[in-house]
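Residue 79 in UniProt numbering sits at position 79 of the sequence shown, with consecutive numbering throughout.
Each remark here refers to the structure printed beneath this line.
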Amino acid sequence: NSEEEMQTYMDKFSMACDRFGLTINTKKTEVMFQPAPREQYYDPVINIKHQRLQSTDNFAYLGSILSRVANINSEVNNRISIANATVGIG
């Protein structure tokens with residue numbers, strides 16, 4: 001999705017939250033943007049109620065590391081760390 005599409009989705013999400021009396025914590029909400037292949041990366045400007053959301057390169061989701069970079073290095077390191085902690089190494 002383009003930056004403009006991401007902003008449109010966030011606007012709709014914000015309106016839906018308002019409709020149901022929910023609040024979005026903009027200090028805990030981050031965005032991750034992955035450009036199309038061979039396009040240069042830039043930090044997207046995505047706002048909720050005139051507050052810019054922080055951009056991130058990767059985040060943990062259901063025990064896995066998701067990354068804007070198309071490689072598995074972060075995920076492999078995360079799983080090794082979990083395995084080491086489980087058996088008491090490190």
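Even for Gly, the Cβ is constructed at its ideal location relative to N, Cα and C.
Since the structure is predicted, the reported quantities are computational estimates derived from the model, not experimental observations.
Y61 versus R79, Y41, I89 and K12, residue with shortest Cα-Cα distance: R79
Closest by CA to Q51, which one among T26, Y9 and G88? T26
Please state whether DSSP places I80 in a helix, a strand or coil. Residue state, collapsed to three classes: helix.
Which residues share a DSSP beta bridge with N25? Partner(s): none; N25 has no beta bridge.
DSSP-derived helix/strand/coil call for Y9: helix
Relative to the C-alpha of D11, which residue among Q40, I82 and K49 is closest? K49
How about P44 and E5: do their beta carbons lie closer than 8 Å? no
Between which two residues does the beta strand (DSSP E) holding N1 run? Note, N1: premise wrong, no beta strand (DSSP E); not H, not E.
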